[in-house]
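2 protein chains.
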Amino acid sequence: MENWLTKRAALSPNKVALIYQYTDFTFAELNDTVQLYASKLFNDDIKAGDRVAIFTGNSFNGYIATLAVQQIGAEIVFLNTRLSEDELSFQITDSGAKLVLIDDNLDSSQLKNIDVAKTRMSELLSMDRSDSYQPVAEFDNDAVTTIMYTSGTSGRPKGVLQTFGNHFYSAFGMSLNLRINDEDSWVMTVPMYHISGFSIMMRSLLYGIPVYLIDKFDVDYINKILINERASIISLVPTMLKRCLNDLKPGQNFNSNFRCVFLGGGPIDNWTLLRCQMLEIPVIQSYGMTETCSNVVALNFEDAQRKVGSSGQALFPVQLRIAESDADGIGDIEIKAPNVAKGYLNQPELFAAKMTSDGFYKTGDLGHLDEENFLYINGRKDDMIISGGENIYPEEVENVYAKIDGLESIALVGVPNDDWGQVPVAYITVDSDAFLNGPDLIEYGRNRLAHYKVPREFRLIEAMPLTASGKILRRKLDEVEFEVM
Amino acid sequence: MENWLTKRAALSPNKVALIYQYTDFTFAELNDTVQLYASKLFNDDIKAGDRVAIFTGNSFNGYIATLAVQQIGAEIVFLNTRLSEDELSFQITDSGAKLVLIDDNLDSSQLKNIDVAKTRMSELLSMDRSDSYQPVAEFDNDAVTTIMYTSGTSGRPKGVLQTFGNHFYSAFGMSLNLRINDEDSWVMTVPMYHISGFSIMMRSLLYGIPVYLIDKFDVDYINKILINERASIISLVPTMLKRCLNDLKPGQNFNSNFRCVFLGGGPIDNWTLLRCQMLEIPVIQSYGMTETCSNVVALNFEDAQRKVGSSGQALFPVQLRIAESDADGIGDIEIKAPNVAKGYLNQPELFAAKMTSDGFYKTGDLGHLDEENFLYINGRKDDMIISGGENIYPEEVENVYAKIDGLESIALVGVPNDDWGQVPVAYITVDSDAFLNGPDLIEYGRNRLAHYKVPREFRLIEAMPLTASGKILRRKLDEVEFEVM
C-alpha cells in the first residue's frame, strides 16, 4: 500500500488530523511538518532500516518525531518513560537504537548515563534539512515499523516486532466494529509508547479522522474536551474512566457527538459500568495486548448493554479459541490473526514457544466463551498484575529483590485497589539476623524499577506457603498472617 | 483471515444479509443455506482446488451456489450469460472447469453442445449431503477465489485470477470512501458475473450489510425498492441510471435512507448528472476494471458536486500515476494496488506485458489528474467500446467477421447512443463480386458472439482511411461517406 501519511494528505488535505492544546492541524499541515522533521533526521544520518528510540510523552513534538521516523523507513523503538535507568539501558542496547529522540518537556534523568547518541526533539529543528530526502513510497505489510518492549515471566524484556500489516488489520477490525464515520475523532490520553496510544495515530491516518492529543492525564482538561468539544471516542483504562466520572458535576455530560469510551487495560468494576449506564455513556470493553498489536476482541454497540462484563467478540480478522478448557469452559485464550506480531527481537525462540503448531498465539490469559461466542476474561495463567493499565510480572520484580542480603524469599501479588484496579504488594521472609525495613526496600526498588512495579507494601511473614514440590503457593498468601514492615 | 461467511454469521447472525423478492435472510440463515448447498456439492465430488463454472443471473440459487463453491475452497469461474456457444466453450475449456452449475430459470441453450459436466442448481438440492464436509477455516489473501474472463486487443479472452486479498482490499478501500454504516444496504442489479456485482457480495460479508438482489433489470421493480424500501446504495451503469430517472414520476424520489448511486462502466453525460443534482441524488462516479478487482478510483461525497466529470481520487490502498503524458497532462493510467489481480490464467505472459518494471499495471486507459489529484478519463489507448457497461474489443469482433468470403476489410467503432452510451457499428469494404447484406451479417454475428458485441449497423464504404504504414485509421471513419447495408 502507498505510504499512509502521504496518501491521507493527498486524499483529505483539509481535514483536521490533530488537535493539540486547542490548535488544529490539517492532514496537509501534519504531513508538511512531519516531512520537514524527517528531512532533518535524514540529514542527521538516520536512514531506512535504522532504529530510532523515542522517549516522549504525548507531546506535539513526540507525535511529529514518531511519524517522521516512520516516514524515513526507520523502525521506531518506543521507550516507556516511567522505566528505570537499568530497564531503559537494556532496551536501548537490545534494540541497537542508533539515536534516542528525547521530548524536551520531560525529565529524562534516567537516560543521562546511558551510552547512546541522544538528541532533544527541539534541537533537531534547528538543523539543516536534506535535499535528497524522500519519504518511503510504500508501507509494506510485512515490514516492521514499531518495537515495543514487554516484560514477562522469563528473564529479559522482549521487543515486540510490529509490522505495518499488524497495524493495518488492527485498524480495519476496529473500523468495522465501531463503524467509524466522518464525524468521529479520537481522544488520545493513553501513552503513545503503548499500543493503545500508538494505534490511535495509525487509525487516524487510515480512517482520516482527527486525534485529540492530550499530553498528561489532567482530568479537568480532559473532561472539558469531552464536554465542550466534538470528541466522539476516547480510549481509557479503568482508572482513568473512574477519575473522569468522579470529576463530572451533577447535570454535566459529554458532548452530543460523543459515541463511546473504548476501554482496555484490565477489568472494570460493575459500579463504574452502572454509573456509565446512568449517564448514557456507552462503554465498549475490549481485550488485546502488545503482541496482538492492540485489540483482538471488542464489544459492539448493540451488545454493550446485553453483555455487560464481556470483552466482546473476536474482531473480523481474528480467530479466537479456548484451549484445554475445564468443566466450566474456562481455558487458555488463543488467537490467530493478521495483527499478531512478527516475533520478539533477538529472542525468536520465546515467541515460537508461544505459538501452537497450527499458528495460534497463546496469550497466557484465561477465559471462556458464552453460547454466542462472547469472551469473558477469567484472569491470567501466570501471575501478572495489572495496575492502572500497566502490566507487572511478579518474577521480574522478585528477581530485582532476590539479590538483597538477608532477604530469604519474596513473592509479589496484586491486591485490589479502588484507584488502580490492583497494586503490587510483596510478601517476604528474612534471615533471623537481617536488618531490613519497608521504606528502604521501597527506595531500593524505585532506583531499579519503573515506579508502578515497586511494591506498595512489604509484608513480613514467618514462612512461605509451599506446594508439595516446594514452589511458592501465591494464592494462599492472603491467608497468611503478616506484619507490615 | 477467518472464512468471511462463517465469521460474519458468528458476529452478526441476526442481521439481514440478503433481501430477494421482498424476503429477508439473516447472515445465520444465509450461512446455513450455503453450507447445506456446499455439503451437497462436496458430496458430488467438488473439492478444494477444483474449478466450478457458474452460469447464472442474479437469482437466489445463483447467489447461494456461488458462495457454496467458495466455502468448499474451489475456484469460481464466472460465465457471462450473454456469450455465444463458441465464447462459452472456450472459457469452460480454458479454465478446466469440472462442472458447470446452471441457473434453472435461465435459457442455457448455448451450453447444450459443450462437452462438460452440467448440473441445474435445483437438481443439486435433491442430492445427499456429505457428512465429512467442512467449510474452509480461512480465506487466504494469496489464494485465487474467482476467475472472470475479459476480452482484449489480442486473440483469446483471458481468465483474470482474483484472490481473496484482491477482494478484501477492494472492499476496504470502498468502505473508507463511502463511510459504510450500520444502516447501509446495497442494491445489486449489476450482474454477479461481473466484478461490479460480485464485489457487492464480498462487501456484504465484510461489512455486515444486506444486499438487495435484483434478478433482472426491471426498472419499475427497482424504483419501487429505491423509493419504498430502506435501500441506501445502488451500483449502476449510466444506461441503467437513465432508465431509473426516466421512470420517476413528478414529485417521486428515493427513500430517506438512500445515500448514493455508485456509478461505473463508462462515462455519463452532464444532462443526467444535472437531473440527479436537481433530485438531490448523490452520484459517486468511479473507475475500475476486472483486473483491478473492482474500483480503484472513486469520488467522495464532499467532492461530488465540486468535481463533476471526475472519477475521483485513487482509493486509500491504491497508487495511481499518469505515464507518458502529453502537453495537456493526458497519458496512460497506471495502477499499483493490493487489489490488482494475480494474473491471467494460462497466459501469464500477457499479464506480465501489462506490468511495468516497478510493479504498476498498465490499464490501457488514458486520463489526466487535476492539481488535487482527481482523475479524469480521456478514453482508451486501444479502441475498446463500452456499451451499457459491457466492454467490446473491436479486434475480437473483426476477427469473427474476417473469415467471411468477399468481406475485404472491416473496422468496428463505437457511435454515441443515448441509451447505451455507445453501440458498435461496422465499416466494411467488400470485393466487387460479393453478395453481402446487413441483416445476414448481423445474423452471422449473433450466432457467434454475445449479442451486445454484434454491430448494430453495417456501413459500406469505398475504401478504408489508412495510415502511411497501411493501418486502418479508425478515428477518420466518421468523415467517410457510407451507405447503410
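Order-wise, the sequence lines are chains F and C.
For the first sequence, position 225 matches number 225 in UniProt numbering, and the numbering has no gaps at all.
For the second sequence, position 31 matches number 31 in UniProt numbering, and the numbering has no gaps at all.
We put the CB at the ideal spot given by N, CA and C, even for glycine.
If I follow the unbroken alpha helix (DSSP H) through residue i, where does it start and stop?
{"i": "residue 242/F", "result": "238-247"}
{"i": "residue 169/F", "result": "164-178"}
{"i": "residue 78/F", "result": "Taken as a continuous stretch (DSSP letters only), residue 78/F belongs to no alpha helix (DSSP H), being part of the beta strand (DSSP E) at 75-78."}
{"i": "residue 7/F", "result": "4-11"}
Thinking just about the alpha-carbon of each residue, which of the options is nearest to the one in residue i?
{"i": "residue 450/C", "options": "305/C, 98/C, 86/C and 465/C", "result": "86/C"}
{"i": "residue 403/C", "options": "420/C, 448/C and 361/C", "result": "448/C"}
{"i": "residue 142/F", "options": "156/F, 161/F and 81/F", "result": "161/F"}
{"i": "residue 460/F", "options": "476/F, 183/F and 437/F", "result": "437/F"}
{"i": "residue 103/F", "options": "126/F, 84/F and 64/F", "result": "64/F"}
{"i": "residue 350/C", "options": "19/C, 38/C and 156/C", "result": "156/C"}
{"i": "residue 256/C", "options": "299/C, 227/C, 481/C and 386/C", "result": "227/C"}
{"i": "residue 373/F", "options": "119/F, 14/F and 299/F", "result": "299/F"}
{"i": "residue 248/F", "options": "379/F, 276/F and 69/F", "result": "276/F"}
{"i": "residue 13/C", "options": "32/C, 39/C and 419/C", "result": "32/C"}
{"i": "residue 462/F", "options": "469/F, 126/F, 439/F and 407/F", "result": "407/F"}
Could you give the first and the last residue of the continuous beta strand (DSSP E) run that contains residue i?
{"i": "residue 411/C", "result": "407-417"}
{"i": "residue 23/F", "result": "23-26"}
{"i": "residue 400/C", "result": "Looking at the DSSP string, residue 400/C is not in any beta strand (DSSP E); the run it does join, the alpha helix (DSSP H), is 394-401."}
{"i": "residue 460/C", "result": "458-460"}
{"i": "residue 186/C", "result": "186-188"}
{"i": "residue 295/F", "result": "294-298"}
{"i": "residue 118/F", "result": "118-120"}
{"i": "residue 334/C", "result": "331-336"}
{"i": "residue 385/C", "result": "385-387"}
{"i": "residue 282/F", "result": "Where residue 282/F is concerned, there is no enclosing beta strand (DSSP E), given that its DSSP letter is neither H nor E."}
Just the C-alpha distance for residue i and residue j, rounded to the nearest angstrom, thanks.
{"i": "residue 458/C", "j": "residue 394/C", "result": "14 Å"}
{"i": "residue 225/C", "j": "residue 262/C", "result": "16 Å"}
{"i": "residue 73/F", "j": "residue 285/C", "result": "35 Å"}
{"i": "residue 430/C", "j": "residue 484/C", "result": "13 Å"}
{"i": "residue 202/F", "j": "residue 159/C", "result": "37 Å"}
{"i": "residue 434/F", "j": "residue 405/F", "result": "8 Å"}
{"i": "residue 165/C", "j": "residue 75/C", "result": "14 Å"}
{"i": "residue 362/C", "j": "residue 288/C", "result": "12 Å"}
{"i": "residue 82/C", "j": "residue 108/C", "result": "10 Å"}
{"i": "residue 194/F", "j": "residue 148/F", "result": "7 Å"}
{"i": "residue 422/C", "j": "residue 346/C", "result": "32 Å"}
{"i": "residue 297/F", "j": "residue 315/F", "result": "5 Å"}
{"i": "residue 419/F", "j": "residue 445/F", "result": "22 Å"}
{"i": "residue 27/F", "j": "residue 8/F", "result": "7 Å"}
{"i": "residue 230/C", "j": "residue 179/F", "result": "19 Å"}
{"i": "residue 42/F", "j": "residue 112/F", "result": "24 Å"}
{"i": "residue 46/F", "j": "residue 39/F", "result": "9 Å"}
Taking CB distances under 9 Å as the criterion, tell me whether residue i reaches chain D.
{"i": "residue 116/F", "result": "Reference to chain D is not applicable here, since the protein chains of this structure are F and C."}
Leaving aside the five residues before and after residue i along the sequence, list all residues of the same chain whose C-beta is less than 6 Å from its C-beta, in chain order.
{"i": "residue 486/F", "result": "Since the displayed chain F opens at 1 and closes at 485, residue 486/F lies outside it and no answer follows."}
{"i": "residue 383/C", "result": "394 and 474"}
{"i": "residue 441/F", "result": "458"}
{"i": "residue 455/F", "result": "424, 425 and 426"}
{"i": "residue 304/F", "result": "282"}
{"i": "residue 186/C", "result": "200, 211 and 233"}
For residue i, collect the residues of the same chain with a Cβ closer than 8 Å to its Cβ; drop the 5 residues on either side in sequence, then sort them by chain order.
{"i": "residue 376/C", "result": "309, 310, 311, 367, 368, 369 and 370"}
{"i": "residue 92/F", "result": "53, 77, 79, 100, 114 and 116"}
{"i": "residue 319/F", "result": "335, 336, 337 and 360"}
{"i": "residue 188/F", "result": "58, 197, 200, 201, 211, 212, 213, 214 and 235"}
What's the call for residue i, buried or exposed, on a 16-neighbour Cβ count within 10 Å?
{"i": "residue 530/C", "result": "Residue 530/C falls outside the range modelled here, since chain C spans only 1 to 485, and no answer is possible."}
{"i": "residue 274/F", "result": "exposed"}
{"i": "residue 306/C", "result": "exposed"}
{"i": "residue 184/F", "result": "buried"}
{"i": "residue 356/C", "result": "exposed"}
{"i": "residue 182/F", "result": "exposed"}
Looking only at its chain, what residues have a beta carbon closer than 7 Å to the beta carbon of residue i, apart from the 5 residues adjacent to it on each side?
{"i": "residue 4/F", "result": "139, 205 and 206"}
{"i": "residue 279/C", "result": "253"}
{"i": "residue 417/F", "result": "423"}
{"i": "residue 342/F", "result": "144, 161 and 163"}
Is residue i near the ligand NAD - that is, is its Cβ less than 8 Å away from at least one heavy atom of it?
{"i": "residue 348/C", "result": "Because no ligand of any kind appears in the structure shown, any question about the ligand NAD cannot be addressed here."}
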